[in-house]
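Each residue of the sequence shown is one higher than the one before, counting from 120 in our numbering. All C-beta atoms, glycine included, are put in the ideal place defined by N, C-alpha and C. Everything numeric in this text was worked out from a predicted model, so none of it was measured.
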Amino acid sequence: MPTIGVLALQGDVVEHMAALAELGTIARPVRRPEELADVDALVIPGGESTTMSKLLVSFEMLEPLRERLRAGMPAYGSCAGMIMLASKVLDGRPDQEVLSAIDMTVRRNAFGRQVDSFETDVELLGIDGGAFRTVFIRAPWAEEVGPDVEVLGRISGGPADGKIVAVRAGNVMATAFHPEVTGDLRIHEAFVELVRAAV
Ligand code: GLN
């Protein structure tokens with residue numbers, strides 16, 4: 120049974136822990152380098168990426184986390200977590216750190232003020248059982264992805280038609296939306312499968 124950590128510096132940690140526990144994994148909060156060393160994989164929750172970036176620096180977690188990701192640790196990030204996993208952030212803060220685990224440029228708060236928060240159905244590659252009800256909260260999208268990044272889902276219809284909101288690069292997945300708030304566990308399930316195959 121894999122042990123999956125949830126980065127617990129800031130954000131919706133509890134919801135991810137609950138989803139992972141429901142799927143029968145051992146879920147642990149991760150705040151310190153010693154705790155990171157003890158997990159097989161990591162979920163980076165939604166929250167606020169500039170704050171998370173600062174906390175990673177002050178908890179001396181930034182380099183250990185980069186190191187684990189370089190060494191192939193599976194990871195999944197939702198919303199702010201997707202921003203953290205990117206290689207470049209548009210509309211971020213100048214001192215905002217990223218983990219560069221996925222070769223992509225993300226735009227922070229991409230959907231604009233009018234649609235701070237919204238829900239829509241998105242078809243996701245590799246997720247069976249119909250479209251996924253997605254919840255976006257001041258969400259990013261991926262503006263550009265590198266050749267090794269697989270696009271798993273795009274917005275369909277409306278002003279953001281075609282925008283990339285779910286990706287995978289090797290063992291690292293990211294979604295601009297929050298599957299942890301809807302009770303639909305299919306994305307966490309896909310991640311747990313990926314972790315099982317990788318460790
Ligand atoms: N807008 C937030 C950020 O910049 C992300 C929002 C979220 O995680 N729900 O990090």
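Test item: CB-CB of residue i and residue j under 7 Å
i    : j    : result
Q129 : T169 : no
V268 : V286 : yes
M223 : A199 : no
S172 : E134 : no
T144 : I163 : no
E213 : A317 : What sits at residue 213 in the sequence shown is Pro, not Glu. No.
D240 : A250 : yes
R226 : L209 : yes
V254 : F310 : no
L204 : A293 : yes
V314 : A160 : yes
P259 : A279 : no
L304 : A137 : no
Range covered by the alpha helix (DSSP H) that runs through residue i
i    : result
S172 : 168-177
I306 : 305-317
E154 : 152-156
Beta strand (DSSP E) segment containing residue i, residue limits
i    : result
I163 : 160-163
V149 : 145-149
M136 : Note, M136: premise wrong, no beta strand (DSSP E); alpha helix (DSSP H) at 132-141.
F251 : 251-256
T294 : 291-294
L271 : 269-273
T122 : 122-126
E299 : That residue, E299, is in no beta strand (DSSP E); it is neither H nor E in DSSP.
A288 : 283-288
Inter-residue CB distance, residue i and residue j (contact presumed, cutoff 8 Å)
i    : j    : result
V149 : L181 : With a Cβ gap of about 13 Å, V149 and L181 do not count as contacting.
G165 : S197 : 5 Å
I221 : V291 : 6 Å
L244 : G272 : 7 Å
I256 : I306 : With a Cβ gap of about 16 Å, I256 and I306 do not count as contacting.
L155 : L174 : Wrong, their Cβ atoms sit about 14 Å apart, outside the cutoff.
V61  : R147 : There is no way to answer for residue 61, as the model of the chain reaches only from 120 to 318.
Any beta strand (DSSP E) of 3 or more consecutive residues that is wholly inside the region 179-244 | 194-197, 207-209, 223-226, 236-241
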